[in-house]
Amino acid sequence: MADQGRKNLTMVTQRLTLSTAHGEFAATVMNWRRPDRSPSLIPL
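The sequence shown: position 26 = 25 (numbering that gives the first Met the number 0), numbered continuously.
Here you go:
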């Protein structure tokens with residue numbers, strides 16, 4: 000049971016990391032497309 004719980008936790012963590020990275024990327028693109036702002040670099 001402990002192994003199964005660990006796998007689920009890993010999957011949730013990976014999904015959260017991916018969605019957060021995608022959100023930051025989308026926000027960066029939106030900022031870059033706005034003419035009143037200088038383009039911000041994509042966080043690595």
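We put the beta carbon where it would ideally sit given N, CA and C, even for glycine. Since we're looking at a predicted model, the values are computed, not measured.
To the nearest angstrom, report how far apart residue i and residue j are at their CA atoms.
{"i": "A1", "j": "N30", "result": "43 Å"}
{"i": "F24", "j": "R14", "result": "15 Å"}
{"i": "L8", "j": "H21", "result": "20 Å"}
{"i": "A26", "j": "T12", "result": "21 Å"}
{"i": "T19", "j": "V28", "result": "14 Å"}
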